[in-house]
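Single-structure report; data block below.
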Amino acid sequence: QVQLVESGGGLVQAGTSLRLSCAVSGRTAATYDVAWFRQAPGKEREFVASILWGSGTTSYGDSVKGRFTISRDNAKSTVYLRMNSLKPEDTAVYYCATGRTSLGYAYWGQGTQVTVSS
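Here this note's numbering is used: the first residue of the sequence shown is 1, the next is one more, and so on.
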C-alpha cells in the first residue's frame, strides 16, 4: 500500500525559507515520480513541482521557478521541497502525490499547512 506523509510546514515570515518533506512508503513501479501541489483557500489546486525517482529530472510551476527546489533521497524514499524567498501568496496547504495516471495522481498525502506572513 502506497502511503505519503508530509511534514515541515509552519508559520514563517515573508522572505524566509522552509523545507517540506514527503516520506513515501510502499513504492511500486507505478510510483515513478512524486509531485508537490498546493491549494489556498478559495483557489484551485496548483502544481508546484515534480521529480522522477530514477533520473532526478524535475519540473516546476511558473509561480515558483527560481525560488523552490525539489529533490529526492532514494535511500530514504523521501522527497523534499526547499522553498526560498517565501511570499504571502505561497500560503496554502501543500500536498505531495505519486502514482501518476492519465486521470491524475492516484496517491496523496494528508497535506501540511504553510503560512507566510507579510
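The C-beta atom is built at its ideal place from N, Cα and C for all residues, glycine as well.
- Taking a C-beta distance under 7 Å as the contact criterion, T91 and T115 qualify as a contact pair.
- Straight across, the Cα-Cα distance linking A106 with Q1 is about 12 Å.
- Inter-residue distance for I51 and V24 is about 13 Å (C-alpha atoms, whole angstroms).
- Across the structure, L20 and T28 are spaced so that their CA atoms are roughly 23 Å apart.
- Rounded to whole angstroms, the gap between the alpha carbons of G56 and L4 is 19 Å.
- Inter-residue distance for K65 and M83 is about 10 Å (C-alpha atoms, whole angstroms).
- C-alpha of I70 to C-alpha of W36: approximately 9 Å in a straight line.
- If you ignore the 5 residues before and after Q13, its C-beta comes within less than 6 Å of the C-beta of S117, all in its own chain and listed in chain order.
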